């Protein structure tokens with residue numbers, strides 16, 4: 029780095045933290061953990077970094093905007109997260125600006141550039157699967173950043189979510205414990221979160237000696253109830269002996285139930301169904317459908333609260349918050365005492 033002025037981003041890169049964390053350590057050292065603060069101080073000394081007063085003045089002249097990037101505005105899962113964010117932001121000095129990436133890496137990069145050009149107070153972004161370009165922008169952003177919907181060891185700044193792998197693993201173990209043996213996976217729009225659910229599903233079956241790759245049916249198309257009908261039809265044509273499915277979301281699970289009813293397949297005695305997210309329709313379906321409950325609105329609330337604490341100079345607490353999940357066991361996987369009947 030000889031021959032040019034050392035920048036705050038250089039310190040962040042060398043210390044393995046975000047620019048926002050370095051900025052907080054310099055302005056409000058008490059709100060940064062001692063371990064991280066000492067690492068930053070050591071790098072500053074090694075690099076000979078001298079804070080730029082002009083840059084500090086510019087950084088303080090931020091807008092009241094909190095940028096929120098989500099992949100869909102029509103998906104009920106993200107609608108509930110947004111409800112939590114808006115609820116937490118109500119009555120504060122900050123306003124929400126929404127960006128819809130439409131599951132596009134390039135659109136996420138474009139929107140990040142737009143948001144950062146407006147000098148936002150903070151950013152809330154979905155997932156940990158950003159492109160190298162997007163991650164570099166987030167690491168260089170001199171504002172708090174919260175990644176939602178997942179957990180991991182290396183957040184850009186802060187992170188709140190749950191383990192998709194563990195949720196799918198727990199659901200698949202439940203199907204095994206209920207006596208199902210030919211358990212299939214139905215997945216749509218195979219984004220990284222769906223991939224992690226497939227990993228958890230596969231791990232549980234491999235441990236039980238039940239994994240069969242032929243029972244994995246996926247498509248890049250977006251999830252709908254109609255698609256759930258189509259995917260389970262494809263599964264049964266490929267593997268007529270399949271006796272249960274783990275669906276990567278609830279739309280697919282509801283479609284599976286409708287198709288089973290159309291074919292007069294008895295659920296749960298002859299066929300078990302499990303979804304993911306536990307949307308409201310899972311509890312009122314007949315039979316009710318087992319699903320992995322995720323705490324989406326609470327995630328939105330807590331994500332904004334973490335961001336606001338960082339903005340207000342308060343301790344943010346743990347950098348990674350795992351909200352966990354809950355397996356909601358319902359009628360679609362509870363086998364009765366009667367024997368299984370041959371499928372027509």
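In our numbering, the protein residues as written are 29 to 372. C-beta atoms are modelled at their ideal positions from N, C-alpha and C, and glycine is treated no differently. In this text, all values refer to a predicted model and were calculated from it rather than measured experimentally.
Between residue 196 and residue 225, the beta carbon gap of about 4 Å places them in contact (Cβ cut-off 8 Å). For residue 104, the enclosing alpha helix (DSSP H) starts and ends at 104-117.
Rounded to the nearest angstrom, the Cβ distance from residue 109 to residue 290 is 33 Å, too far for a contact under 8 Å.
For the pair residue 126 and residue 142, the Cα-to-Cα distance works out to about 12 Å. A contact between stretches requires three or more CB pairs, one per stretch, nearer than 8 Å, and the region 97-111 meets this requirement with the region 322-339. Residue 279 counts as buried, since no fewer than 16 other beta carbons sit within 10 angstroms of its beta carbon. The three-state reading of DSSP puts residue 329 in helix, counting H, G and I together. When DSSP assignments are scanned along the region 276-310, the uninterrupted stretches of beta strand (DSSP E) that are 3 or more residues long and fall wholly within it turn out to be 300-305. For residue 75, the uninterrupted alpha helix (DSSP H) run begins and ends at 62-75, by DSSP. Here DSSP, grouped into helix, strand and coil, assigns residue 125 to strand.
Per the coordinates, the alpha-carbon of residue 42 lies some 34 Å from the alpha-carbon of residue 228.
Around the beta carbon of residue 134, fewer than 16 other beta carbons lie within 10 angstroms, which makes this residue exposed.
Restricting attention to 136, 75, 118, the CA atom closest to the CA of residue 98 is found in 136.
At the C-beta level, residue 276 and residue 216 come within 8 Å of one another. The way I'd put it, the region 174-185 doesn't touch the region 231-244; fewer than three beta-carbon pairs between them come closer than 8 Å.
In the structure shown, residue 176 falls within a strand segment according to DSSP collapsed to helix, strand and coil. Per DSSP, reduced to three states, the secondary structure at residue 205 is helical.
Counting only the Cα atoms, residue 314 lies some 27 Å from residue 194. Unbroken alpha helix (DSSP H) runs of no fewer than 4 residues, entirely contained in the region 138-193, are found at 160-168, following chain order. In the structure shown, the three-state DSSP call for residue 317 is coil.
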